[in-house]
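Listed in order, the protein sequences are those of chains A and B. Here my numbering is used: the first residue of the first sequence is 1, the next is one more, and so on. Here my numbering is used: the first residue of the second sequence is 115, the next is one more, and so on. Virtual Cβ for every residue (Gly too), placed ideally from N, Cα, C.
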Amino acid sequence: GESVGLHLPTLSVQEGDNSIINCAYSNSASDYFIWYKQESGKGPQFIIDIRSNMDKRQGQRVTVLLNKTVKHLSLQIAATQPGDSAVYFCAENGGTSGTYKYIFGTGTRLKVLA
Amino acid sequence: GAGVSQSPRYKVAKRGQDVALRCDPISGHVSLFWYQQALGQGPEFLTYFQNEAQLDKSGLPSDRFFAERPEGSVSTLKIQRTQQEDSAVYLCASSLGTSGGWYFGPGTRLTVT
Chain A
1 GESVGLHLPT
11 LSVQEGDNSI
21 INCAYSNSAS
31 DYFIWYKQES
41 GKGPQFIIDI
51 RSNMDKRQGQ
61 RVTVLLNKTV
71 KHLSLQIAAT
81 QPGDSAVYFC
91 AENGGTSGTY
101 KYIFGTGTRL
111 KVLA
Chain B
115 GAGVSQSPRY
125 KVAKRGQDVA
135 LRCDPISGHV
145 SLFWYQQALG
155 QGPEFLTYFQ
165 NEAQLDKSGL
175 PSDRFFAERP
185 EGSVSTLKIQ
195 RTQQEDSAVY
205 LCASSLGTSG
215 GWYFGPGTRL
225 TVT
């Protein structure tokens with residue numbers, strides 16, 4: 001498959017360890033955030049979202065943390081598996097409810113080591 | 115099919131050629147979006163359709179870019195007189211609404227030589 005980026009920040013973790021992927025968002029007015037996973041040769045896939053009235057949201061094996069004070073978002077993946085290897089993007093809505101013009105970050109490549 | 119499909123998956127064009135990229139959204143999805151993803155970057159918004167109406171084309175980088183969705187289903191993104199800077203992956207997404215629940219296609223990787 002094609003590569004989505006050759007010079008992305010890369011996080012390498014051992015299989016079974018927890019992963020933390022960070023994102024600094026740009027617009028203090030943003031009130032809705034999404035994490036996407038993009039595997040090689042595929043389009044972005046929704047993982048989890050969070051609204052600004054929350055600071056933490058949990059899904060299956062994933063947790064998103066939001067710190068509005070420093071405009072920081074993180075994605076935690078528990079017990080990382082080889083299938084988690086991908087590029088992860090955060091996206092923000094720029095503060096316009098219902099917007100479709102999400103602003104994507106540049107992405108972080110997660111490599112899971114066997 | 116169950117998801118959003120795009121064709122071709124790969125396209126190589128010589129500078130100055132016109133190209134047409136196709137998106138087949140999920141059946142019944144009202145909203146359709148086109149995004150451009152340069153190498154090593156996140157996707158950037160190009161244009162948005164609600165049914166057949168193009169409600170926002172503010173992200174199209176130049177008047178060489180044109181998108182249509184004449185029957186409110188399949189969409190085509192056309193790029194005229196391609197330039198090297200047009201090289202990117204072009205992603206299509208569809209959804210029932212606008213604010214979430216998007217499903218992205220696999221993208222078309224355009225390389226302009």
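Of the residues the options, the one placed nearest residue i, counting alpha carbons only
i	options	result
A:CYS23	A:GLN14, A:ILE34, A:GLU15, A:THR80	A:ILE34
A:CYS90	A:SER97, A:ARG109, A:GLY41	A:ARG109
B:ALA181	B:ALA116, B:LEU153, B:TYR149, B:VAL126	B:TYR149
A:ASP49	A:ARG57, A:LYS42, A:GLY43	A:ARG57
A:SER12	A:PRO82, A:LYS68, A:LYS101, A:SER74	A:PRO82
B:THR161	B:ALA207, B:ARG129, B:GLN155	B:ALA207
A:VAL112	A:SER97, A:GLY105, A:ALA86	A:ALA86
A:TYR32	A:GLY94, A:THR106, A:GLY41, A:GLN45	A:GLY94
B:GLN120	B:GLN131, B:GLY130, B:ILE140	B:ILE140
B:ALA116	B:GLY142, B:GLU199, B:ARG178	B:GLY142
B:ARG195	B:ARG123, B:PRO122, B:GLY219, B:GLY130	B:GLY130
B:ILE193	B:VAL144, B:ASP170, B:GLY154, B:PRO175	B:PRO175
is_contact[residue i, chain A] using C-beta, thresh 8 Å
i	result
B:PHE180	no
B:TRP148	no
B:LEU174	no
B:LEU205	yes
B:PRO157	yes
B:PRO220	yes
B:GLY65	A query on residue 65 of chain B cannot be resolved here, the shown segment of chain B reaching from 115 to 227 and no further.
B:SER145	yes
Residue i in three-state terms, based on DSSP
i	result
A:ASP84	helix
B:GLN164	strand
B:ASP138	strand
A:GLU2	Here the model assigns A:GLU2 a pLDDT of 36, short of 50, so the residue's position is not dependable and the matter cannot be decided.
B:GLU185	coil
B:ASP200	helix
B:TRP148	strand
B:LEU153	coil
A:ILE91	A quick correction: the sequence has Ala, not Ile, at residue 91 of chain A. Looking at A:ALA91 - three-state DSSP - the assignment turns out to be strand.
A:LYS42	coil
A:ALA78	coil
A:LYS56	strand
A:SER97	coil
B:ALA207	strand
B:ASP170	strand
A:ASP49	strand
B:TYR124	strand
Nearest-angstrom Cβ-Cβ length linking residue i and residue j, presumed shorter than 8 Å
i	j	result
A:SER19	A:ILE103	So it is not a contact: roughly 23 Å between Cβ atoms.
B:LEU224	B:LYS125	5 Å
B:LEU146	B:TYR204	Contact flag wrong, Cβ pair sits at about 13 Å.
A:LEU75	A:TYR88	6 Å
B:PRO157	A:PRO44	7 Å
B:VAL118	B:GLY219	4 Å
B:ALA167	B:ALA202	That belief does not hold up - the Cβ atoms of B:ALA167 and B:ALA202 are roughly 25 Å apart, past 8 Å.
Element boundaries [beta strand (DSSP E), containing residue i]
i	result
A:LYS37	32 to 38
A:THR69	Where A:THR69 is concerned, there is no enclosing beta strand (DSSP E), given that its DSSP letter is neither H nor E.
B:ARG129	Run containing B:ARG129: none; DSSP gives neither H nor E here.
A:SER12	10 to 14
B:SER119	119 to 121
A:LYS111	108 to 113
A:SER19	19 to 24
B:LEU224	222 to 226
Neighbour flag for residue i against chain B, beta carbons, 8 Å
i	result
A:TYR100	yes
A:PRO9	no
A:PHE89	yes
A:LYS111	no
A:PHE33	no
A:THR108	no
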